[in-house]
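Numbering (this note's numbering), first residue to last: 4 to 278.
Think of the CB as a built atom: it goes at the ideal place given N, C-alpha and C, for glycine as much as any other residue.
A quick note: this is a predicted structure, and the numbers were derived from the prediction, not measured.
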Ligand code: SF4
């Protein structure tokens with residue numbers, strides 16, 4: 004069986020950095036937690052927990068030790084609270100996310116009505132919004148942009164993992180909404196690279212296996228895109244691969260979301276080779 008790996012797959016720079024910081028923070032007899040799951044991958048979260056790095060959903064659940072801020076980042080109130088609680092902090096906010104947060108803050112400070120283009124409930128978007136202040140707006144669709152009122156000064160930033168094509172469509176609609184429109188395209192290339200490599204590969208194989216957390220938005224999106232080109236299955240681990248998926252299949256393509264650890268990709272790759 005021929006098994007081909009996508010040219011870009013698995014951990015992006017920001018996730019790799021966050022995992023390394025969390026792994027280095029693990030120490031015996033010390034309380035160490037990440038604020039929210041470090042990445043959307045249950046196997047990686049479980050592995051960190053085995054090594055003493057737990058997960059809390061809120062600062063109310065901790066009173067001592069080290070708290071790790073994940074790559075999605077948090078708003079300024081959380082930093083103040085961590086400081087006032089006297090906790091040790093490790094900031095694993097991805098530098099690209101940090102740039103989007105600071106861009107939003109700068110626009111708000113300069114008097115722009117801030118618009119964040121992204122998914123409303125995504126933790127990264129929530130963190131950017133908190134830096135942009137109470138008046139900031141999130142737009143997820145062109146329809147929402149079309150129905151926006153006009154503003155004297157409109158400043159736009161993006162969720163780092165938002166689709167470049169959708170961002171362009173929304174910004175085009177916003178051109179009508181202000182005479183002073185400032186656009187900061189804070190999209191990270193990691194998502195685009197993974198998507199175009201996956202699409203490329205899906206066009207050359209009979210079957211695509213997309214590996215990553217079922218709770219990972221970027222992995223689910225990869226599976227949707229590949230599914231438009233060829234038969235596709237989304238799995239979290241090698242154990243989920245079924246023999247009957249591989250009947251009459253000659254070429255398999257493999258890709259993985261930005262939060263999928265290498266060791267899981269290797270296991271799936273090896274198992275596919277034996278099919
Ligand atoms: S996708 Fe980009 S912005 Fe998001 S964590 Fe990875 S490198 Fe950072």
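Around the beta carbon of residue 104, a 10 Å sphere encloses 16 or more other beta carbons of the protein chains shown; the residue is thus reported as buried. Remark: the shortest separation between the CB of residue 97 and any heavy atom of ligand 1 falls under 6 Å. Within the same chain, and ignoring the five residues on either side of residue 272 in sequence, the residues whose Cβ sits closer than 7 Å to its Cβ are 6, 8 and 257.
Here the stretch 139-150 makes no contact with the stretch 81-89; the two share fewer than three CB pairs at distances below 8 Å. With at least 16 other beta carbons inside 10 angstroms of its own, residue 229 counts as buried. For residue 196, the uninterrupted alpha helix (DSSP H) segment begins and ends at 192-205. Residue burial annotation: residue 266 is exposed, with fewer than 16 other C-beta atoms found within 10 angstroms of its C-beta.
Ligand 1 never approaches residue 119 closely enough for any of its heavy atoms to be under 6 Å from the residue's Cβ.
Remark: the shortest separation between the CB of residue 193 and any heavy atom of ligand 1 falls under 6 Å. Placement of the Cβ of residue 181 at a distance of 6 Å or more from every heavy atom of ligand 1 is found.
Excluding its 5 nearest sequence neighbours in each direction, residue 97 has C-beta neighbours in its own chain below 6 Å: 17 and 74, listed in chain order. Counting other Cβ atoms within 10 Å of its Cβ, residue 198 reaches 16 or more and is therefore classed as buried.
About 16 Å separates the beta carbons of residue 160 and residue 192, which is beyond the 8 Å limit, so they are not a contact pair. Distance from the CA of residue 212 to the CA of residue 54, rounded to the nearest whole angstrom, comes to 29 Å.
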